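First comes the structure, then the notes that go with it.
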Amino acid sequence: MNNPYLPLPMKLVKNFTETEDKLIHTFTLEFQSEEDEKSFAYTPGQFAELCVFGKGEAPFGIASSPTEKGQLKFSVAKVGVVSTALHLMEEGATVGVRGPLGNSFPMEDLKGKNLVVIGGGFAFTTLRALSTYILHPDNRADFGDLTVIYGARNPGLLLYKEELAEWEGRSDINLVQTIDRPADGWDGRVGFIPAVVEEVAPSAENTVAIICGPPVMIKFTMPVLEKLGFKPEQTIMSLENRMKCGIGMCGRCNVGSQYVCKDGPVFTRSQLLELPNEY
Amino acid sequence: MIITKQDIPNFLDSLKNNYQVFAPVKQDNYTMFKAITSGSDAILDYSNSKIPPKGILFPQTEELFSYKVDKQGAHLEEKIDSEQKVIFGIRPCDAKSIALLDNVFNNDKYEDPYYLTRRENTVLVGIGCNQPQSTCFCTSVEGGPFDTTNLDLLLVDIGDKYVVEVLTDKGKKVLTSAACSDASEADKQAAAKTKESATVVSKVNLDGLKQKLDSNFYDEIWDSISEKCIGCAACTYSCPTCHCFDIVDEAKDCDGCRVRNWDSCMFPEFTIHGSGHNPRPSGKERFRNRVMHKFKYFIDVNNATACVGCGRCIQNCPVNLDIREVLADIQGSEARSVS
């Protein structure tokens with residue numbers, strides 16, 4: 000019997016300070032063998048339990064795309080015991096990864112559709128995985144137009160700045176970056192995500208919106224999407240709840256009868272409207 | 000088959016050659032299931048144990064694996080308990096709870112090797128309940144004092160001996176260690192009479208409850224019904240179907256082990272996010288989740304009520320919150336939304 004509790008040892012090859020406030024680091028981990036990598040076949044939208052031996056484990060969305068071979072990326076905010084220990088880890092150290100866990104973005108269903116990816120702040124991790132996957136030459140032709148609307152409080156808090164700059168120069172993605180308030184050295188767009196979505200006004204026809212961000216951003220963006228004609232089944236979200244096992248047994252991440260870890264974390268808005276608001 | 004009460008200690012002693020044997024014993028004035036060292040430690044005149052025997056398959060605390068990290072990397076060693084076990088004297092309600100736990104630890108996507116390995120290697124020898132307690136309501140939740148669900152053997156107490164019902168091959172194998180004789184017609188009749196005369200007085204009405212819970216999440220009833228609860232979690236720790244757990248590391252530097260411990264949905268820390276946000280912030284939401292989990296969510300997923308009517312939550316609650324009254328109040332409540 001396969002043991003879903005055993006982590007895969009991986010090597011931390013990069014511990015990168017992602018944001019100006021230094022609270023978010025991106026960790027690049029390397030598989031230690033081809034076999035290990037094969038055992039970890041994943042799809043954008045999935046998460047994994049990242050473990051620091053001696054401290055414990057915690058769940059994080061996978062920020063890398065399966066098209067990025069040999070490694071995994073996680074962007075982690077310094078919040079508790081495990082994330083703090085991770086932030087302090089030296090490159091070259093061994094960490095554990097358990098997964099991939101959860102469902103994923105419905106990549107097969109998204110084929111042939113236009114995609115509007117909307118992210119706020121630090122919730123851009125699995126959206127990076129999704130966008131990177133779609134932009135890969137092997138996959139790009141499978142999907143229609145790709146619009147990415149991404150905002151943060153200030154420019155220093157945007158994740159993946161180098162990649163955003165690269166995406167800006169591409170013609171097969173419409174990247175819209177925004178910050179909440181004017182800042183020195185920022186000549187881009189200023190405004191909250193809901194207002195920016197309204198301005199950009201993507202068409203809902205043959206389109207799916209995928210939205211991850213803080214609850215307040217989601218709350219105010221939903222009516223905008225509705226106004227633009229996005230139906231609940233055309234709107235995809237990813238939930239977070241406190242987790243331990245990640246495999247639907249320990250009982251804490253349920254929303255109604257659904258476990259976020261096993262049945263989610265990705266749900267359509269129409270699915271969420273059927274569930275109680277315990278997230 | 001017949002086995003006399005006098006022969007039970009010998010039976011258990013001979014089982015000990017091939018199995019780890021758990022049986023009800025008296026300790027600190029409580030009845031509990033423990034691994035016995037001698038067949039005579041088992042007590043036969045008990046109502047039920049204070050804590051359910053689920054811990055034999057799903058221990059209150061258990062090491063999942065140990066690890067050591069050095070320059071070469073991480074070395075893991077999993078700890079799967081595959082010892083053969085017999086639980087002697089388990090009550091039908093608790094045996095049924097194990098059938099429910101099977102759904103949890105073998106869900107639509109994952110298998111838990113710790114629980115399932117123990118489960119596969121464990122024989123359940125039940126003793127029916129001649130005198131159900133005042134807090135028992137097994138007959139209201141598809142069980143009964145002589146229900147055979149999940150049992151390998153059922154023993155029916157007819158005085159100085161038991162009539163043994165062999166229910167599975169596993170049970171049959173265990174019985175080869177016992178000095179059994181064939182049951183006479185009179186014994187069989189005595190067993191039938193015993194079964195008939197055992198009455199479970201207390202009842203809960205589940206008719207329409209699920210439909211009610213399907214639509215009353217935002218109703219006012221949850222505000223009042225949970226007021227008395229102090230969130231101590233005695234109900235969940237003594238519940239044979241509760242399965243919530245925590246996972247923690249116990250280590251000195253990078254040399255240690257990962258452990259899982261029983262946890263409870265009644266604690267605020269159970270669901271709190273790293274951000275401080277808590278989706279079930281007060282006793283109301285936690286109490287509602289507990290009731291919903293047992294009488295709605297578990298049915299949605301596994302088509303079974305996650306309560307076996309053992310009554311332990313009623314006996315152990317320090318503020319006398321009685322699940323029978325809670326369910327009756329829900330049944331009698333008007334749909335009044337507070338949202």
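Chains as they are written, first to last, in numbering that gives the first Met the number 0: chain A, 0 to 278; chain B, 0 to 338.
Virtual Cβ for every residue (Gly too), placed ideally from N, Cα, C.
Keep in mind it's a predicted model, so treat the numbers as computed, not measured.
*Which residues in the same chain as L274(A) place their Cβ atom closer than 7 angstroms to its Cβ, once the five residues preceding and following it in sequence are excluded?*
Along the first sequence, one-based indexing puts residue 274(A) at 275. Hits under 7 angstroms: V254, G255, Q257.
*Can you tell me where the beta strand (DSSP E) with W261(B) in it begins and where it stops?*
In the second sequence, the residue the question calls residue 261(B) occupies position 262. Note, W261(B): beta strand (DSSP E), 254-261.
*Which residues, in order along the stretch 2-24 of chain A, keep a beta-carbon less than 7 angstroms from a beta-carbon of chain B?*
N2, P3, Y4, L5, P8
*With distances taken Cα to Cα, identify the nearest neighbour of H48(A) among E225(A), I172(A), Y4(A).*
Translated into positions along the first sequence, residue 48(A) becomes position 49. Rather than His, the amino acid found at residue 48(A) in this sequence is Glu. Checking every option, the nearest Cα to that of E48(A) belongs to Y4(A).
*Within 9 angstroms (strictly less), CB to CB, does A250(B) reach chain A?*
Here residue 250(B) is taken as the residue at index 251 of the second sequence, counted from 1. Closer than 9 angstroms to some Cβ of chain A, the Cβ of A250(B) qualifies, so yes.
*Examine the Cβ distances between the stretch 89-107 of chain A and the stretch 38-53 of chain A and report whether three or more of them are shorter than 8 angstroms.*
yes
_Let's see if you can read the secondary structure: which residues bound the alpha helix (DSSP H) around Q70(A)?_
The residue given as residue 70(A) occupies position 71 in the first sequence. Counting along the chain, Q70(A) falls outside any alpha helix (DSSP H), though it belongs to the beta strand (DSSP E) covering 70-76.
*If I'm right that K112(A) touches V207(A) with Cβ under 8 angstroms, what's the distance once you round it to whole angstroms?*
Counting from 1 along the first sequence, the entry for residue 112(A) is found at position 113. Counting from 1 along the first sequence, the entry for residue 207(A) is found at position 208. Right, the Cβ-Cβ distance comes to about 5 angstroms (below 8 angstroms), so this counts as a contact.
*What three-state label does DSSP hand G184(A) in the structure shown?*
Against the first sequence, residue 184(A) aligns to sequence position 185. Coil.
_Segment limits, beta strand (DSSP E) that includes H74(B)_ = Counted from its first residue, the second sequence places residue 74(B) at position 75. Per DSSP, H74(B) belongs to the beta strand (DSSP E) from 72-77.
*What residues from chain B crowd round Q31(A), counting only those whose CB sits closer than 9 angstroms?*
Taking the first sequence and counting its residues from 1, the one referred to as residue 31(A) is at position 32. Correct list: G72.
*Using alpha carbons as the reference points, say which of K187(B), V68(B), V85(B) lies closest to N17(B).*
Working through the second sequence from its first residue, we reach residue 17(B) at position 18. Considering only alpha carbons, the answer is V85(B).
*Do we get a CB-CB distance below 9 angstroms when we pair A122(A) with the residues of chain B?*
Taking the first residue of the first sequence as position 1, residue 122(A) is located at position 123. A122(A) does not count as touching chain B.
_Three-state secondary structure (DSSP) of S13(B)_ = Stepping through the second sequence from its first residue, residue 13(B) is reached at position 14. If DSSP states are grouped into helix, strand and coil, S13(B) belongs with the helices.
*Got a sec: is the Cβ-Cβ distance from I329(B) to anything in chain A below 9 angstroms?*
Counting from one through the second sequence, the residue named residue 329(B) turns up at place 330. It does not; no Cβ of chain A falls within 9 angstroms.
*Opening and closing residue of the beta strand (DSSP E) in which D156(B) lies*: In the second sequence, the residue the question calls residue 156(B) occupies position 157. Run containing D156(B): 152-156, per the beta strand (DSSP E) assignment.
*Tell me whether H24(A) sits in a helix, a strand or coil according to DSSP, three-state version.*
Taking the first sequence and counting its residues from 1, the one referred to as residue 24(A) is at position 25. DSSP places H24(A) in strand when its eight states are reduced to three.
*Could you name the residues of the same chain whose beta carbon sits closer than 7 angstroms to that of M248(A), not counting the 5 residues immediately before and after it, in chain order?*
Reading the first sequence from its first residue, position 249 is the one you call residue 248(A). So the list is empty, once near-sequence residues are dropped.
*Per-residue DSSP class, three states only, for A190(B)*: The count along the second sequence starts at 1 and reaches residue 190(B) at position 191. Helix at A190(B).
*Leaving out five residues before and five after D6(B) in sequence, what residues of the same chain have Cβ atoms less than 6 angstroms from its Cβ?*
Working through the second sequence from its first residue, we reach residue 6(B) at position 7. So the qualifying residues of the chain are A178.
*Own chain, CB closer than 6 angstroms to I89(B), minus 5 neighbours either side, in chain order*: Counted from its first residue, the second sequence places residue 89(B) at position 90. Here the set comprises P52, L123, G125.
_Rounded Cβ spacing between T116(B) and I55(B) (contact assumed at less than 8 angstroms)_ = Here residue 116(B) refers to the residue found at position 117 when the second sequence is read from its first residue. Here residue 55(B) refers to the residue found at position 56 when the second sequence is read from its first residue. Contact doesn't hold; Cβ gap of about 13 angstroms is too wide.
*Classify Y29(B) as buried or exposed, calling it buried when 16 or more other Cβ atoms lie within 10 Å of its own Cβ.*
Counting from one through the second sequence, the residue named residue 29(B) turns up at place 30. The residue is exposed, with fewer than 16 neighbouring Cβ atoms inside 10 Å.
*Report the option in L87(A), N240(A), F26(A) whose CA atom is closest to the CA atom of P213(A).*
For the purposes of this step, residue 213(A) is identified with residue 214 of the first sequence, where counting begins at 1. Nearest C-alpha to P213(A): N240(A).
_From the DSSP secondary-structure annotation, give me the bridge partner or partners of T175(B)._
Indexing the second sequence from 1 puts residue 175(B) at position 176. BP columns for T175(B) are empty, so no partner.
_Chain-ordered neighbours of T93(A) on chain B, where CB pairs are closer than 8 angstroms_ = In the first sequence, the residue the question calls residue 93(A) occupies position 94. Those are V68, G72, A73, listed as they occur along chain B.
*For V122(B), name the three-state secondary structure that DSSP assigns.*
The count along the second sequence starts at 1 and reaches residue 122(B) at position 123. In the structure shown, V122(B) sits in a strand (DSSP, three-state: E or B).
*State the CB to CB distance for the pair D248(B) and K54(A), rounded to an integer number of angstroms; the pair is presumed to be in contact (CB under 8 angstroms).*
Stepping through the second sequence from its first residue, residue 248(B) is reached at position 249. Stepping through the first sequence from its first residue, residue 54(A) is reached at position 55. Confirmed, about 6 angstroms.
*DSSP beta-bridge partners of A237(A)*: Indexing the first sequence from 1 puts residue 237(A) at position 238. Inspection of the sequence shows that residue 237(A) is occupied by Ser rather than by Ala. The partner list for S237(A) (beta bridge, DSSP) reads V265(A).
*asked:* Between which residues of its own chain and M9(A) is the CB-CB distance below 8 angstroms, once the five residues before and five after are set aside?
replied: Translated into positions along the first sequence, residue 9(A) becomes position 10. Contacts found: L28, E29, F30, Q31, D35, L71, T93, V94, G95, V96.
*For the alpha helix (DSSP H) that contains C234(B), what are its first and last residues?*
By 1-based counting over the second sequence, the position of residue 234(B) is 235. Segment 233-236, the alpha helix (DSSP H) holding C234(B).
*asked:* For E82(B), which residues in the same chain have their Cβ closer than 6 angstroms to its Cβ, ignoring the five residues on either side in sequence?
replied: Looking up residue 82(B) in the second sequence gives position 83. Hits under 6 angstroms: Q19.
*Buried versus exposed call for S338(B) [16 or more other C-beta atoms within 10 Å across all chains shown]*: Along the second sequence, read from residue 1 onward, the residue named residue 338(B) stands at position 339. With a pLDDT of 47 at S338(B), under the threshold of 50, the predicted position of this residue should be treated as unreliable, though the coordinate-derived value follows. Answer is exposed; the Cβ neighbour count stays below 16.
*Of all the CB atoms in chain B, is at least one closer than 9 angstroms to the CB of N240(A)?*
Position 241 of the first sequence, counting from 1, holds the residue named residue 240(A). N240(A) counts as touching chain B.
*Do you know how far the Cα of D27(B) is from the Cα of S74(A)?*
Start at 1 with the first residue of the first sequence, and residue 74(A) comes out as number 75. Start at 1 with the first residue of the second sequence, and residue 27(B) comes out as number 28. Cα-Cα distance, rounded: 51 angstroms.
*Would you mind reading off the limits of the beta strand (DSSP E) that contains C211(A)?*
Looking up residue 211(A) in the first sequence gives position 212. 206-211 is the span of the beta strand (DSSP E), which, as asked, contains C211(A).
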